[in-house]
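Worksheet: one structure, shown below.
Quick look at the structure:
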């Protein structure tokens, strides 16, 4: 059976195939635990043996193998074991999803047939699909006035619309449903159908599991995950909220499912970091390695001198602000994962153990698949989604090694990776200079070089590091300054040899830039891309000035929708008055609850008085406030017209 969905039931697991085929297997997996000195806990062990049955076993970890016990009991019992042992007991395989554990233990996975290669570039993904939509605005409406199924509008009373939707689902029997803002609308639709006694089989069984809403910090920012109703037997994707779907499409969601042994209902809702963790858990079970419930090897206390030596960061060569002609950007492909695999880095190997490292061995096939899809997508766009998923999983695999709760990570591994990356970038810089190239900028896994024998530099660097590279050629590129005049490492733009503009770190790329301001700055770049070389940029200065004047004049007639500022709020209460706080209060007055980590949109009505309105209530905007945003977007670009361009040196000076 090609497994579409899986869910734990009392005493077993239910699997679903395409079309609604299902199968139940009995399964009650034990968890494992070890004790430093079992003789000290004989009374506890006897009690567990009498109550639940206790089986002595060998517990294999990535570090070693030791004597332990297997017990089929609840999580509460595991907590009591920890407590009664004075927290000397180490618990394993406790918080794994039963369906993942069953599949990995049998060498099976979801979205695949038995025996199928999880890392194949091509696989069967034929699913009966349907798209549902609610026309009403989410979060500020609890009324459904109009729906659509595959683009066909459904109108009428709520009972009539729900009945038509239910009939369509029964007739079409979809395996996968795309539903924008599903996590908001589903509770309302399901509860309304129950009250009206309409059999709405979005879940093939009528049952749903619940994913609770929560706000959490991730990579330095607050993120909010909506609560969700997860159907059984079908895959439901919130196409407006799913990061995995947005970045990698259905192909990425299904590939993530194949790699992790989790149903696509889950992989569509999990972050790349959680996916890489789930993948590592699957691989551990597959290899007979116990997965620790808690992390027992936190970072040790070290003198400040040793901490400085450890080098926890990547290397950056700060650019000199200016405009440069004929520049090549050389990027190492998946540098950090390549270092992990190439250097056999894993918690047990950096601790002095020999043999193949767990982390390196499980990332190797992911890295290999990424290199394949990266090549294939250039010829066939169908591989782009798979490649995007793998890119995100590999990117987060590095960060996850240093995460405090990573089951197979450690600070020592994290530091070893960054140390190697520094050495690689420094060696690449030296190689470039030996080839007569001028290094203009470098950041972690990329170098910008000009002049010299660049093909030779690329060949020798790849040969020395064993890491593949990709290159982009610029006709010209501008590295922008920070407030103190020194070069910004992440703010630049330039014209590629194919005529396209590459833009990073400026208003047109930032998510909180209102559409009107973004469109203005994109207009500037449309003018600049006409320049074949740096010396021709000054010819566009007058046109850019005129564009700015037109944008300022047009503010008074700009559509409200084009002035919406979208930001992710890190908190819901502020000590001091601010625009975001005003917007949150306005949302509350409109009956919309805002949670930390949510993205909200607002229009600034009065910048001086710090008054903002939700987009649906906004009727006016503060021209002075938005003029300041236009000026900032304009001033980001204007330095290129004040730099002196020297064709001979291909550089700029401020």
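Residue numbers (this note's numbering): 239 to 892. Ideal Cβ positions, reconstructed from N, Cα and C, are used throughout, including at glycine.
### Message
Could you give the first and the last residue of the continuous alpha helix (DSSP H) run that contains residue 520?
### Response
510-524
### Query
Ordered along the chain, which non-local residues of its own chain (more than five positions away) have a Cβ less than 7 angstroms from that of residue 640?
647, 649 and 652
### Message
Please classify residue 240 as buried or exposed, where buried requires at least 16 other C-beta atoms within 10 Å of its C-beta.
### Response
buried
### Query
I think residue 606 touches residue 486, with their Cβ atoms under 8 angstroms apart; what is that distance to the nearest whole Å?
Residue 606 to residue 486, Cβ: 18 angstroms. No contact.
### Query
Apart from the five residues on each side of it in sequence, which residues of its chain come closer than 7 angstroms, Cβ to Cβ, to residue 421?
464, 465, 466, 476 and 479
### Task
Evaluate residue 728 with the Cβ neighbour count: other Cβ atoms within 10 Å of its Cβ, from every protein chain shown; 16 or more gives buried, anything less gives exposed.
exposed
### Query
Under the rule that 16 or more other beta-carbon atoms within 10 Å means buried, what is residue 561, buried or exposed?
buried
#### Entry: Span of the beta strand (DSSP E), counted from its first residue to its last, around residue 295
293-298
### Query
Which runs of the alpha helix (DSSP H), 4 residues or longer, sit entirely within the region 298-338?
313-322
### Message
My assumption, with CB atoms under 8 angstroms, is that residue 604 sits in contact with residue 654. Please give the rounded CB distance.
### Response
Not really, about 19 angstroms apart at Cβ, beyond 8 angstroms.
### Message
Suppose the cutoff is 8 angstroms on Cβ atoms and the five residues either side in sequence are ignored; what does the same chain contact list for residue 683 look like?
### Response
552, 569, 570, 573, 574, 659 and 663
### Message
Going by beta-carbon coordinates alone, are residue 765 and residue 744 separated by less than 8 angstroms?
### Response
no
### Task
With DSSP collapsed to three states, give me the class of residue 798.
helix
### Message
Quick check on the DSSP output: the beta strand (DSSP E) that includes residue 753 runs from which residue to which?
### Response
No beta strand (DSSP E) holds residue 753; the alpha helix (DSSP H) holding it covers 753-766.
### Query
Grouping DSSP H, G and I as helix and E and B as strand, with all else coil, what is residue 884?
Residue placement at residue 884 cannot be trusted, given a pLDDT of 39 that sits under 50; the coordinates are not used to answer.
### Message
Please report the distance separating the alpha-carbon of residue 446 from that of residue 400.
### Response
18 angstroms
#### Entry: Endpoints, beta strand (DSSP E) assigned at residue 709
707-719
### Best match in 375, 583 and 262 for proximity to residue 248 [C-alpha to C-alpha]
262
### Message
Could you check whether the region 874-881 touches the region 852-862, counting it as contact only if at least three pairs of C-beta atoms, one from each stretch, sit closer than 8 angstroms?
### Response
no
### For residue 419, the three-state DSSP class (helix, strand or coil)
coil
### Query
Looking only at C-alpha atoms, which of 619, 818, 638 and 278 sits nearest to residue 848?
818
### Message
So, with DSSP's three-state summary, where would you put residue 288?
### Response
helix
### Query
At which residue ranges does the region 604-679 contain complete alpha helix (DSSP H) runs of 4 or more residues, listed in the order of the chain?
622-639 and 649-672
### Query
Measuring CB to CB, does residue 721 end up less than 8 angstroms from residue 754?
no
### Query
What is the DSSP secondary structure of residue 726, counted as helix, strand or coil?
strand
### Message
If contacts are defined as beta-carbon pairs under 8 angstroms, then residue 266 and residue 297 qualify, I think. What distance do you get, rounded to the angstrom?
### Response
About 19 angstroms separates the two Cβ atoms, so there is no contact after all.
### Message
Within 10 Å of its beta-carbon, does residue 492 have 16 or more other beta-carbons around it, so buried, or fewer, so exposed?
### Response
buried
### Message
Tell me the rounded alpha-carbon separation between residue 579 and residue 450.
### Response
36 angstroms
### Task
To the nearest angstrom, report how far apart residue 593 and residue 669 are at their CA atoms.
32 angstroms
### Message
Quick check: residue 805 and residue 851, are their CB atoms within less than 8 angstroms of each other?
### Response
no
### Three-way DSSP call (helix, strand, coil) for residue 249 in this model
coil
### Query
Is the Cβ-Cβ distance between residue 733 and residue 712 less than 8 angstroms?
yes
### Same chain, Cβ closer than 8 angstroms to residue 502, neighbours up to 5 away in sequence not counted
242, 243, 348, 349, 414, 473, 475, 491, 492, 494 and 495
### Task
Select from 837, 268, 676 and 825 the residue whose C-alpha is nearest the C-alpha of residue 558.
676
### Message
So, with DSSP's three-state summary, where would you put residue 567?
### Response
strand
### Message
Using only the alpha-carbon positions, how far apart do residue 666 and residue 803 sit?
### Response
41 angstroms
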